[in-house]
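Chains as they are written, first to last, in the working numbering: chain A, 216 to 605; chain B, 216 to 605.
What follows is the structure, given as structure tokens:
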């Protein structure tokens, strides 16, 4: 899942191919206070999502736990604490660290692997930090990617970046994009796959007029339906939305169901969540608060499901079913996902970061159909007919 | 791999969704004389490809060995032996049977499985016969599909069906398409995957002007490079082409290299073969002879490789590499293949026949790179820089 950010990153690199200027193993500190605070009350915890509001402006306080040095220097981030570009970069650095540490904790508790941290820079400016955990004990593949890029774009490329874009004027537009994107494929089929992506864009017309907007979403792809888990997941996202308007969750829940539809199979990729784009109201700060709340709701919405199911027993048919569903996940990502498609069509794109979302293993069988009344059929029914969960 | 045929089948079904009117286990006779004749001299045999020329006109002599009753009734095929629609249907029925039996023979010799035969009809006319062997001993997944469809199409849909299409006139064009499409994924990584597709189209303008053309190709995707095998494969295709003009093989070999390029990875799907579209010269009969020769060259180009390698020893890393390469195969089919894309975008498409081309299992690893000097690196080198093989 990449959505608009990847698209934007790669339409951007059309102007010159991405080169990994250098790659470092990254700064790995053991400061877990942030995500421990977030994980808080254990399984299905529903603590306040708004505890960070007071410290959001600089948000570099957490920098000692970031996965690597940021793309913009820490000094610059500190000095420009009011600039949304810097605020966004600091926020996604923090969220990346919190999410990676939360996932890694579950993995290490079972004697598994640590994330690999790949920091890459573009020669033309900007770069990203790709964190990957592959072939672990709890997680088969988990990727948490941030990217911060800027440059010049032709207007039709900019136009592609917006789901319902406003007209941009000028031949070559100044452009900035920062975002976090993640997919986690656990090994146990009783733990769902999760995906989230939060992103911020700025585009400046030839006449100096500036546009900015936010986009993002979090969605869940279970292999077996555990209604309680899905309700918890949606409730947590709804809570993050509700603080910014009661209308948001229903609107973005529906957008998510629509976006992740796989038309040729007449089913959804998963049980949804929230999805939005072109968010630029009521103010930049309010939008940022909203996106931050959504991003902060990933850990409490998802990690309890990992904790609850990571030791569940698994049968061979359950694993087979998981692999078949992963095949469907690949179908959506490679055929329909806007960002992946535009990304990969672009020469010089950093395809390893784009394809990080694919599972380690997937399977396709001719005319596979789960037996009537089975738990597999029960999931299929929900994917064909999306439900309200809250 | 579906190319234009699928596109055509599915743009066609836009006018009404495909319904499987009935599905039969198909007629399975043990008359193996045809493919035995083709298999002839054993490993790497290079016998004449033109032995069928004398009997091409009716071509229903082989009907007792077809996988199922044809889509058009046998009587109609017999009575219209001069109509290219009937000649093409009879030819692809024969090729399907010969290829299925040749593949199945290799499988059954090792105590494996038989092909499943799925005959499906469209309520609006036409249909197809899908033959699938899944999770076998020698073959992990093999699909051999024919379809014969006709109806009415808007002109821009017709336009999409041609790689370099001539202008069609009129709002609703009468349309016919018949083709065979196949992908074989063997279990042993020392046997390459093969794909072929041969197709015939007719379109009639509002003013009664008729267009017809042929398209097709055969290409090889090895996991380990065996130069002798690749040379044999290309030589066999070249021989089929050469009888119709020495210029054809080099032209269609290059077209194949271009078509199966995976731009985001800067590598080809495999070691190529031949690929062509819009073939309508010098005459319908000559084109048909050419396409028939190409289709008949599949068994002698590929089956010797199966026979040669099916008992080769396989290590765990070799299997892992095969699965990674299968991931690349999925990437090409779902992201770039014209037919698959347009097919799956169309509501009501028979997606099971379209996705039959996907392997049973595929794998994606972050930044996998084979060690320098390894056999895996040797293959990668050839995929990055396509060679001349003949």
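We put the CB at the ideal spot given by N, CA and C, even for glycine. Because the structure is a prediction, the values reported are computed rather than measured.
Annotation for residue 534/A: the continuous alpha helix (DSSP H) segment containing it runs 531-546. Below 8 Å, too few C-beta pairs join the segment 580-598 of chain B and the segment 546-554 of chain B to call them touching: fewer than three. The DSSP assignment places complete beta strand (DSSP E) segments of no fewer than 3 residues inside the segment 385-444 of chain B at 388-401, 408-419, 425-436, in order along the chain. By the Cβ rule, the segment 359-366 of chain B does not count as touching the segment 290-297 of chain B, because fewer than three pairs are nearer than 8 Å. Note that the C-beta distance between residue 302/B and residue 274/B is below 8 Å. Sequence-ordered contacts of the segment 525-536 of chain A with chain B are nonexistent [C-beta pairs closer than 7 Å]. Counting only the Cα atoms, residue 511/B lies some 19 Å from residue 416/B. At a cut-off of 8 Å, the C-beta of residue 592/A has no neighbouring C-beta in chain B. In this structure, residue 432/A sits near residue 490/A, with a CB-CB distance shorter than 8 Å.
Where residue 490/A is concerned, the enclosing beta strand (DSSP E) starts and stops at 487-494. Apart from the 5 residues on each side of it in sequence, residue 436/A sits with its Cβ closer than 8 Å to the Cβ of 407, 408, 409, 410, 484, 485, 486, 540, 544 in its chain, given in chain order. A residue is called buried once 16 or more other Cβ atoms fall within 10 Å of its Cβ, and residue 468/A is buried on that count. Identification of chain A residues near residue 332/B by a Cβ-Cβ cut-off of 7 Å yields none; the smallest Cβ-Cβ distance measures about 12 Å.
Between the alpha carbons of residue 482/A and residue 598/A lies a distance of about 5 Å. Chain-ordered listing is empty here: chain B has no CB closer than 9 Å to the CB of residue 328/A, the nearest sitting near 12 Å. Any Cβ of chain A closer than 8 Å to the Cβ of residue 586/B would place that residue at the interface, and such an atom is absent. Residue pairing by DSSP places residue 354/A opposite 401/A in a beta bridge.
Per the DSSP secondary-structure output, residue 482/A pairs in a beta bridge with 477/A. Boundaries of the beta strand (DSSP E) around residue 332/A: 331-336. At a beta-carbon threshold of 7 Å, the residues of chain A lying near residue 582/B are 567, ordered along the chain. For residue 344/B, there is no enclosing alpha helix (DSSP H); the residue is part of the beta strand (DSSP E) that begins and ends at 342-349. Ranked by Cα distance from residue 600/A, the options 456/A, 421/A, 278/A, 480/A are led by 480/A. The beta-carbon of residue 355/A is placed no less than 8 Å from the nearest beta-carbon of chain B.
Counting only the Cα atoms, residue 464/B lies some 31 Å from residue 278/B. For the segment 570-581 of chain A, the set of residues with a beta-carbon nearer than 8 Å to any beta-carbon of chain B comprises 570, 571, 573, 574, 575, 576, 577, 578, 579, 580, 581, in chain order.
Within chain B, the residues whose beta carbon sits less than 8 Å from that of residue 549/A are 545, 546, 549, 550, listed in sequence order. Assignment of residue 575/A by DSSP, reduced to helix, strand and coil, places it in the coil class.
Counting the other CB atoms within 10 Å of its CB gives residue 602/A a total below 16, which places it among the exposed residues.
Assigned with DSSP and collapsed to three states, residue 310/A falls in helix. By the rule that beta-carbons nearer than 8 Å mark a contact, residue 339/A does not touch chain B. With a beta-carbon spacing of about 5 Å, residue 280/B and residue 312/B fall inside the 8 Å limit used to define contacts. In this structure, residue 548/A keeps its C-beta atom at 8 Å or more from the C-beta atom of residue 518/A.
Contact with chain B is absent for residue 311/A, since none of that chain's Cβ atoms lies less than 8 Å from the residue's Cβ. Closest option to residue 332/B, judged by alpha-carbon separation, among 339/B, 365/B, 338/B, 285/B: 285/B.
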